[in-house]
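Chains X and Y, in that order, are what the protein sequence lines are. Each residue of the first sequence is one higher than the one before, counting from 1 in the working numbering. Each residue of the second sequence is one higher than the one before, counting from 1001 in the working numbering. Just so you know, even glycine gets a beta-carbon here, dropped at the ideal spot from N, CA and C. Encoded as structure tokens, the structure appears first; notes follow it.
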Amino acid sequence: GENVEQHPSTLSVQEGDSAVIKCTYSDSASNYFPWYKQELGKRPQLIIDIRSNVGEKKDQRIAVTLNKTAKHFSLHITETQPEDSAVYFCAAASMDSSYKLIFGSGTRLLVRP
Amino acid sequence: ETGVTQTPRHLVMGMTNKKSLKCEQHLGHNAMYWYKQSAKKPLELMFVYNFKEQTENNSVPSRFSPECPNSSHLFLHLHTLQPEDSALYLCASSQTASQPQHFGDGTRLSIL
């Protein structure tokens, strides 16, 4: 079955700097890759997703890149702000597995003012 | 966003109690999910319902029993739970299985 590994587990950056979180997946059939942000005590919220027919997607300060050959995808946050502090989860899914989401273990991002 | 509502938000129960968690979605979605979120572990999918039919049981112990009476409501019935079942239980829904999932705020469950 699918296995998703996420790194780093914690990340501390200065406000205004960029943050990059990386995930690798094992199932080459995976074709859907969402990213969720979970603030303390709150629900996971979808912030961006990408499907395997594109290599990059951007939404304001957030971008996701996908390398199908290497089976990894990354979340990029530019001009970080204190409100970006949260736990970020990547996930992967495939049509073969009925789009069952397999999550990474999460990255705790701290943006220092 | 109140598209997916879970009740109760917190629940403390003894190992011999029977309780139920409730999830309701107002998004017109056709798929609903139960996840377990434990400290320092990835989100674990428990059950999936598509158009009220259970399509996934991710090797969940029988002390957890899901129920989906219609596409807007999902329940998780709990019976004879163990201390290791203490966790945040999250409900999610999506238009179809291939569409993005939207989560509720979860029920924080503590087993004494």
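| query | result |
| --- | --- |
| At a CB-CB cut-off below 7 Å, which residues of chain Y make contact with Pro-34(X)? | Pro-1100 |
| Taking 9 Å as the CB-CB cut-off, is Ala-1087(Y) touching chain X? | no |
| Report the option in Leu-1043(Y), Asp-1085(Y), Asp-1105(Y) whose CA atom is closest to the CA atom of Glu-5(X). | Leu-1043(Y) |
| Just verifying my parser: in three-state terms, what is the DSSP assignment at Met-1032(Y)? | strand |
| With a CB to CB cut of under 6 Å and the five nearest residues on each side skipped, what residues in its chain are close to Val-1048(Y)? | Tyr-1033, Thr-1055, Glu-1056 |
| Residues in its own chain within less than 7 Å of Thr-1016(Y) by CB, not counting five upstream and five downstream? | Thr-1080 |
| Alpha carbon to alpha carbon, how far is Ala-1031(Y) from Ser-1038(Y)? | 23 Å |
| Anyone know if the C-beta pair for Pro-82(X) and Glu-15(X) falls short of 9 Å? | yes |
| Of all the residues that make up the region 77–90 of chain X, which are near chain Y by a beta-carbon distance shorter than 8 Å? | Phe-89 |
| How is Pro-1100(Y) classed by DSSP in three states: helix, strand or coil? | coil |
| With three or more C-beta pairs closer than 8 Å as the rule, is the region 27–34 of chain X touching the region 91–98 of chain X? | yes |
| Using a Cβ-Cβ cut-off of less than 9 Å, give me the residues of the region 1041–1060 of chain Y that come near chain X, in sequence order. | Lys-1041, Pro-1042, Leu-1043, Glu-1044, Leu-1045, Val-1048, Asn-1050, Thr-1055, Glu-1056, Asn-1058 |
| So, does the CB of Leu-46(X) fall closer than 9 Å to a CB anywhere in chain Y? | yes |
| Do you know how far the Cα of Cys-1091(Y) is from the Cα of Leu-1074(Y)? | 8 Å |
| Identify whether Glu-39(X) lies in helix, strand or coil by the three-state DSSP scheme. | coil |
| For chain Y, find out if any of its Cβ atoms is closer than 9 Å to the Cβ of Gly-106(X); answer yes or no. | yes |
| Near Ser-152(X), what residues of its chain come up, given a Cβ to Cβ distance below 8 Å and the 5 sequence neighbours on each side ignored? | The displayed coordinates of chain X run from 1 to 113. Any statement about residue 152(X) would go beyond what the structure contains. |
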